[in-house]
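Q: Residue numbering for the sequence shown follows my numbering, starting at 88 and increasing by one per position.
Below is one structure. I have some questions about it.
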Amino acid sequence: MNTQANWAEKAWRQVVEKIEKTSIDIGASFPNGSVNGRYNRSPAHDWVAGFWPGLLWLVYQETQNERLKDLAVQCEQQISRTLWEFDALHHDVGFMFGLSSINQYKLLQDEEAKRHGLMAASLLAGRFNPAGGFIRAWPNWGGEDHSGWAIIDCMMNLPLLYWASKEIDDPRYRLIAEIHADTVLREFLRADGSVHHIVSFDPETGERRGALAGQGYAADSAWARGAAWALYGFALSHTYTGKEKYLVAAKQVARFFLDHLPADSVPYWDFRLPADAEEMPRDSSAAAIAASGLLDLASAVSEEEGSAYRQAAELILRSLHENYGAWDEDEQGLLLHATGYFAADIAVDAPLIYGDYYFAEALLKLKNNGLRPW
Ligand code: GLY
Numbered sequence: 088m089n090t091q092a093n094w095a096e097k098a099w100r101q102v103v104e105k106i107e108k109t110s111i112d113i114g115a116s117f118p119n120g121s122v123n124g125r126y127n128r129s130p131a132h133d134w135v136a137g138f139w140p141g142l143l144w145l146v147y148q149e150t151q152n153e154r155l156k157d158l159a160v161q162c163e164q165q166i167s168r169t170l171w172e173f174d175a176l177h178h179d180v181g182f183m184f185g186l187s188s189i190n191q192y193k194l195l196q197d198e199e200a201k202r203h204g205l206m207a208a209s210l211l212a213g214r215f216n217p218a219g220g221f222i223r224a225w226p227n228w229g230g231e232d233h234s235g236w237a238i239i240d241c242m243m244n245l246p247l248l249y250w251a252s253k254e255i256d257d258p259r260y261r262l263i264a265e266i267h268a269d270t271v272l273r274e275f276l277r278a279d280g281s282v283h284h285i286v287s288f289d290p291e292t293g294e295r296r297g298a299l300a301g302q303g304y305a306a307d308s309a310w311a312r313g314a315a316w317a318l319y320g321f322a323l324s325h326t327y328t329g330k331e332k333y334l335v336a337a338k339q340v341a342r343f344f345l346d347h348l349p350a351d352s353v354p355y356w357d358f359r360l361p362a363d364a365e366e367m368p369r370d371s372s373a374a375a376i377a378a379s380g381l382l383d384l385a386s387a388v389s390e391e392e393g394s395a396y397r398q399a400a401e402l403i404l405r406s407l408h409e410n411y412g413a414w415d416e417d418e419q420g421l422l423l424h425a426t427g428y429f430a431a432d433i434a435v436d437a438p439l440i441y442g443d444y445y446f447a448e449a450l451l452k453l454k455n456n457g458l459r460p461w
């Protein structure tokens, strides 16, 4: 057995062991960020709700642990009920339903879960603004007008639309996803491969109003997790459509991401922090997301190019495993040192459930030679 296989197998076994243990406490709920070793919980309509059932499915499909399957099914029941909490929902139904309902449909051939996925896709398609060619991200939370806001994270929600189009043999959802992805190519991606977090448009005319800092340091900075969403999201749009322009964009973002990593391959929470910033926490979740995206990118290009992306992903994952993994600690999270939302002081330098999910997902891809789990 080669060294890579040894390392990844061992890390995967640690993930399985830990999830089997923490699932006893976490149960069918929705962990978000960890404080003092314990995950706090979010409601089922929160954008993070899919990551715990997603993790449970990753482990279940390798171990056939029925207890984990039952918990994932119970999570799906709660998430699917949020379809009737329409005004609390948002564009992240892609993460929520993709990782719960669609996984459940694919793994258990559950037709009811498939219908939930299709309803969520219709809801996401309903957020499309034809004037600006973008999917609106959020409702007007906190009284702020978000009617013209699109955000980079939405690239990760587009697979819900690609899936729905294929499932019901109707191009409408895919066409909406492609128009949104083209808007992101044009309005979010900078020449150096970095991206904006939020771009605001006039919701009536579609005219671009400007970029906003969002969860990044500034409007012209480079939020690390935003770059990771863009890298992985463009790679996914290429996988689902076969269109070269999305592959070119994914490579551009990957170059920026990899060229700006510090020595241990895990980024600070923003790639453009001022040199005298007092606090510079890392974002291990951005590293995990990027690693998983790089492994998809590796499968989409020539053998030679692919092996460079695979090596970069492995370097990141090994560093996460060795330097950021909470393997022997009294801590429910898998990865330490992620940053949720620095400016709002939410989950700074803490484990985050999406960091855990993408670490496990990427590890499985690495261990299984780039093959997606299902
Ligand atoms: N989608 C929100 C985040 O990445 O924090």
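The C-beta atom is built at its ideal place from N, Cα and C for all residues, glycine as well.
Looking only at its own chain, which residues have a Cβ that is under 7 Å from the Cβ of R214, when we skip the five neighbours before and after it?
A: H178, I222, R223
Q: Is it true that the CB of R259 sits closer than 9 Å to the CB of A309?
A: no
Q: Please report the distance separating the alpha-carbon of F288 from that of E274.
A: 10 Å
Q: Out of D415, C162, G380, N410, point me to the one whose CA is closest to Q398's CA.
A: Ranking D415, C162, G380, N410 by Cα distance to Q398 puts G380 first.
Q: Alpha carbon to alpha carbon, what distance is there between L143 and V286?
A: 34 Å
Q: Beta carbon of V103, beta carbon of V146: below 9 Å?
A: A Cβ-Cβ contact shorter than 9 Å links V103 with V146.
Q: Pull up the distance between the alpha-carbon of R296 and that of A218, whole angstroms please.
A: 13 Å
Q: Let me make sure I understand the geometry here. Which of G114, P118, N93, K97 has the alpha-carbon closest to that of G420?
A: Comparing Cα-Cα distances from G420 to each of G114, P118, N93, K97, the minimum goes to P118.
Q: Look at Y441 and A375 and say whether their C-beta atoms are less than 9 Å apart.
A: For Y441 and A375, yes; Cβs fall inside 9 Å.
Q: Using only the heavy atoms of the ligand GLY, determine whether one of them is closer than 8 Å to the beta carbon of R223.
A: no
Q: From A395 to N127, what distance separates their C-alpha atoms?
A: 38 Å
Q: Give the secondary structure of V135 by DSSP, where H, G and I count as helix, E and B as strand, and everything else as coil.
A: coil
Q: Please go through the same chain and pick out, in chain order, the residues whose beta-carbon is closer than 8 Å to the beta-carbon of W414, but skip the five residues on each side of it.
A: Q101, K105
Q: Below 8 Å, is the gap between the Cβ of G427 and the nearest heavy atom of the ligand GLY?
A: For the ligand GLY, at least one heavy atom lies less than 8 Å from the Cβ of G427.
Q: Given that a residue counts as buried once 16 or more other Cβ atoms are within 10 Å of its Cβ, and exposed if not, what is M88?
A: Low confidence applies here, because M88 scores a pLDDT of 46, under 50, leaving its location unreliable and the question unanswered by this model.
Q: What residue ranges within the segment 106-167 form continuous alpha helix (DSSP H) runs of no fewer than 4 residues, ordered along the chain?
A: Segments of the alpha helix (DSSP H) lying fully in the segment 106-167: 138-150.
Q: Leaving out five residues on either side along the sequence, give the residues of the same chain with a beta carbon under 6 Å from the beta carbon of A434.
A: G120, G427
Q: Under the rule that 16 or more other beta-carbon atoms within 10 Å means buried, what is V335, buried or exposed?
A: exposed
Q: For a test of the three-state rule: what should DSSP assign to A237, helix, strand or coil?
A: The answer is strand: DSSP assigns A237 an E or B state.
Q: For the ligand GLY, is there a heavy atom less than 8 Å away from the beta-carbon of D179?
A: At least one heavy atom of the ligand GLY falls within 8 Å of the beta-carbon of D179.
Q: Could you name the residues of the same chain whose beta carbon sits closer than 7 Å to that of G280, not counting the 5 residues immediately before and after it, in chain order?
A: Q339, V340, R342, F343
Q: What span of residues does the alpha helix (DSSP H) with G442 cover, start to end?
A: 440-454
Q: Would you kindly work out how many angstroms separate the C-alpha atoms of S209 and L245, rounded to a whole number?
A: One Cα belongs to S209, the other to L245, and the distance between them is close to 12 Å.
Q: Using three-state DSSP, classify H178 as helix, strand or coil.
A: coil
Q: Can you tell me which of the three DSSP states S389 falls into?
A: coil
Q: Between R273 and the ligand GLY, is there a pair consisting of the residue's CB and a ligand heavy atom that are separated by less than 8 Å?
A: no
Q: With distances taken Cα to Cα, identify the nearest neighbour of S352 among A400, S324, A278.
A: A400
Q: Go ahead and label E96 buried or exposed: buried means 16 or more other beta carbons lie within 10 angstroms of its beta carbon, across all protein chains shown.
A: E96 counts as exposed, since fewer than 16 other C-beta atoms from the protein chains shown sit within 10 angstroms of its C-beta.
Q: By Cβ distance below 6 Å, which residues in the same chain neighbour W356 in space, the five residues on each side in sequence not counted?
A: The answer, listed in chain order, is A311, P368, D370, T426, F429.
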